[in-house]
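Student: Here this note's numbering is used: the first residue of the sequence shown is -14, the next is one more, and so on.
Built from N, CA and C at the ideal position, the CB exists for glycine as well.
Bear in mind the structure is a predicted one, so any value in this text is a computation, not a measurement.
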Amino acid sequence: MRVVHYLNQFFAGIGGEEAAGAPPEVRDGAQGPGRLLQQLLGPEAQVTRTLVCGDNYAAENLEQLTAWALDRVREAEADLFVAGPCFEAGRYGVATGALCAAVQQQLGIPAVTGMAEENPGVDLYRKDLYIIDSGTNVTAMREAVSRMASLALRLLAGEEVGPPSEAGYHPRGLIRDAFVEETAAQRLVRMVYAKATGAKYESELRGAVFPKVPAPPPVIDLSRAKVAIVTDGGVVPKGNPDRIQGNAAQNWGAYSIAGIDDLRAEDYEITHGGYDKRYVEEDPDRMVPVDVMRELERQGVVGKVHDQFISTSGLANPIANSRRLGREIAKKLKEDGVDAVILVSA
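#1: Work out the CA separation of tyrosine 264 and valine 32 for me, nearest whole Å.
#2: Pick out whichever of Val97, Glu280, Leu173 and Gln235 has its Cα sitting closest to the Cα of serine 208.
#3: Quick one: measure Cβ to Cβ for serine 135 and glycine 218, integer angstroms, because I've assumed they're closer than 8 Å.
#4: How many angstroms separate the CA atom of alanine 234 from the CA atom of glycine -2?
#5: Can you look up aspartate 206 in the DSSP assignment and give me helix, strand or coil?
#6: If you scan the segment 158 to 184 from start to end, which runs of the beta strand (DSSP E) of 3 or more residues do you find wholly inside it?
#7: Could you say which of Ala61, Leu109 and Asp13 lies nearest to asparagine 232 if we only look at CA atoms?
#8: Helix, strand or coil, according to DSSP, for tyrosine 42 in the structure here?
#9: If you reduce the DSSP assignment to three classes, tell me which class methionine 100 lands in.
#10: I need the DSSP call for tyrosine 260, collapsed to helix, strand or coil.
#11: Note down the Cα distance separating valine 215 from aspartate 118, rounded to an integer number of angstroms.
#12: Could you compute how far the alpha carbon of tyrosine 186 sits from the alpha carbon of tyrosine 178?
#13: Return the Cβ separation of valine -12 and alanine 30 in integer angstroms, given the expectation that the two are a contact with Cβ distance under 8 Å.
#14: On the three-state DSSP scale, how would you describe tyrosine -9?
#15: Does the CB of alanine 163 have a neighbour CB from chain E at under 8 Å?
#16: Taking the beta carbon of isoleucine 205 as the centre, do at least 16 other beta carbons fall within 10 Å, making it buried, or is it exposed?
#17: What is the DSSP secondary structure of glycine 311, counted as helix, strand or coil?
#18: Just the C-alpha distance for glutamate 62 and glutamate 166, rounded to the nearest angstrom, thanks.
#19: From this set, Arg59, Ala52 and His155, which residue's C-alpha is nearest glutamate 413's C-alpha?
#20: Please confirm whether methionine 133 and valine 37 have their CB atoms less than 8 Å apart.
#21: Counting C-beta neighbours from all protein chains within 10 Å, is the total for aspartate 40 16 or more, i.e. buried, or is it exposed?
#22: Confirm, please, whether the CB-CB distance from histidine -10 to threonine 51 is below 8 Å.
#23: Per the DSSP calculation, valine 37 is bridged to which residue(s)?
#24: Skipping 5 residues on each side, what residues in its chain have a beta carbon closer than 7 Å to that of glycine 83?
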């Protein structure tokens, strides 16, 4: 059984963020976690090739990377494609999801990856792939790779994979027919009775759960408050220094507006593909209203405008990833002593 394995720059041993721009390369045999994967797949399996690419390069050149990877997998005459595991690494997860989906759909061979629940790759590709729940801790590498290998062997053998709770993959949102002893009405009555009596029960459908977010206390005196501007409209300085993706963004940037009363079109660009950008490109203040906020600051309506505005792209961003970005941004704003936020959305 010939296996091709995909790794990012970190797990391939090239380096961390300083090597995230590394272009794709092919290595012979198993590398890093691939050695464990080969061992767990059994003596009849061999990782013949390892594909390696930096996370930034993958995020910025996903179409080119996918085409390149398809050619390499085809050349290897692979029986199985495995990527990761990625744990919480968002750029890595999005890339592995895209590669696995393409290999599976275009080459017709099984593809398996592994990610933590809040990795954006899960929401983007859960319906296309079996994605093993790797958890968040890299120290669980052996367990994650073991689950991936077990699932891969089932897929190769054409066996029934089973429900997520048994096979260890993230729920795919799919409903499958099955023979059961009780009718739907009987099962419903049993669940309602269990709920009413405080007994344990498990629903057959997993609905989306949105936690309640309590409203923050009001700002008592805005004229003394420090106010920041935050946007998901993708306004960034020319050159996009933080390499924020135009969709499913994995990061955000904080940009200085100290001493600036008006944003000039020649200094900014838009990394967002979900709206007509022309009007914001003509005047970035339409998305990041620095001009209006400075006027309110001069009038004493607000105490101070924060010296930085924060920006990311909200296009096609999974809820779990959006929550992570929100927590990171909120932490920074609190550390900076911000009292209130003007949130401008595309």
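Tutor: The structure says:
#1: 51 Å
#2: Glu280
#3: Not quite, the Cβ-Cβ distance comes to about 44 Å (not below 8 Å), so this is no contact.
#4: Take the alpha-carbon of alanine 234 and the one of glycine -2: they are about 25 Å apart.
#5: coil
#6: none
#7: Leu109
#8: helix
#9: strand
#10: coil
#11: 32 Å
#12: Going by the C-alpha atoms only, they are around 9 Å apart.
#13: 6 Å
#14: For tyrosine -9, the secondary structure class from DSSP, reduced to helix, strand or coil, is strand.
#15: Considering every chain present, this structure includes no chain E. It has just one protein chain.
#16: exposed
#17: helix
#18: 45 Å
#19: This structure does not reach residue 413, given that the chain is present from -14 up to 331, and the question cannot be answered.
#20: no
#21: Classified as buried, aspartate 40 has 16 or more neighbouring CB atoms from the shown chains inside 10 Å of its CB.
#22: Not closer than 8 Å, so no.
#23: Leu(-8) and Glu10
#24: Inspection of the sequence shows that residue 83 is occupied by alanine rather than by glycine. Correct list, in chain order: Leu47 and Thr51.
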